[in-house]
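Scroll down for the structure; my scribbles are underneath it.
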Amino acid sequence: MAWPRLVRTAHMLTGDFHEAEDLVQTTLAKVYARWRRIPRDDVDFYVRRSLVNNNISRVRKRRVAHLLTPFLPERVHERHAGHADSIAQQAAVTQALAGLSARQRSVLVLRFWEDLSENEIAQLLGCSLGTVKTHVRRGLQALRTHPVFAASRTDGGHGSTASAPSPPFAQAPPSPVPGARP
């Protein structure tokens, strides 16, 4: 795993570039100390897991709510957004993510930024698949219902788009199959 990718992932976890670099440096120092015991086929997995665990420990020790970098998972690769829209979107997401727990932020970063499957996240974090699904569901639900994005849904598309960003995780349409999960 290359330094820039680690720093970007850490930035998603911390919300601050300098703290992200510190987190990566601390993580790599700890990984280096355990290098002989790490299976060579699992180095990326081990580094990623250490990064997430070190971030959670850092948040717990400081008791400070840190934010993810202000990107929406669905819009990371959006090329048509202007600079003003991007800044408004960053501010809205930063505000919305402030209420998520460190574990929810970690799961959402791994799921939507790192594109890991829920099974991979469960293995990475050492928890059950159900726990991962719960954190994803609750985290997304919290983002969907946050006033910043709820206001843009009730606006009905009228008014300024810069002051009311679109909701990041719109509800999926109902399934055409009765009784099926969306």
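Following the working numbering, the numbering of the sequence shown begins with 248 at its first residue and continues without gaps. Every residue, glycine too, gets a C-beta built ideally from N, C-alpha and C. Note that this is a predicted model, so its numbers are computed, not measured.
(message) Just to confirm before moving on: does the CB-CB distance between Ser348 and Leu260 stay below 9 Å?
(response) No. Outside cutoff.
(request) Verify whether the separation of the beta carbon atoms of Arg296 and Glu361 is less than 9 Å. (result) Their beta carbons are not under 9 Å apart, which means Arg296 does not touch Glu361 by this criterion.
(request) Whole angstroms is fine: what's the gap from Leu253's alpha carbon to Leu298's? (result) Cα to Cα, Leu253 sits roughly 8 Å from Leu298.
(request) Might you give, ordered along the chain, the residues of its own chain that have their beta carbon closer than 6 Å to the beta carbon of Gly377, omitting 5 neighbours on each side? (result) Here the set comprises nothing.
(request) Compute the Euclidean distance between the alpha carbons of Asn366 and His265, then round it to the nearest angstrom. (result) If I take the Cα positions, the gap works out to 31 Å.
(message) Please list the terminal residues of the continuous alpha helix (DSSP H) segment that includes Ala249.
(response) For Ala249, no alpha helix (DSSP H) encloses it, and the DSSP letter there is neither H nor E.
(message) Measuring only the C-alpha atoms, how far is Leu387 from Trp282?
(response) Computed Cα separation, rounded: 36 Å.
(message) By the DSSP assignment, the alpha helix (DSSP H) with Ser353 in it spans what residues?
(response) Start and end: 349-355.
(message) Just to confirm my understanding: we take Arg305, look at its own chain, exclude 5 residues before and 5 after, and list those with CB closer than 7 Å. What are they?
(response) Excluding sequence neighbours, Arg305 sits near Leu270.
(request) Please report the residue range of the alpha helix (DSSP H) in which Cys265 lies. (result) It is worth fixing the name first, because residue 265 is His in this sequence and not Cys. Residues 264-280.
(message) I'd like to know whether the C-beta atoms of His393 and Gln351 end up nearer to each other than 9 Å.
(response) Taking 9 Å as the Cβ cut-off, His393 and Gln351 do not qualify as a contacting pair.
(message) Restricting to Cα atoms, I'd like to know which of Ala276, Gly346, Leu275 is closest to Val395.
(response) Considering only alpha carbons, the answer is Gly346.
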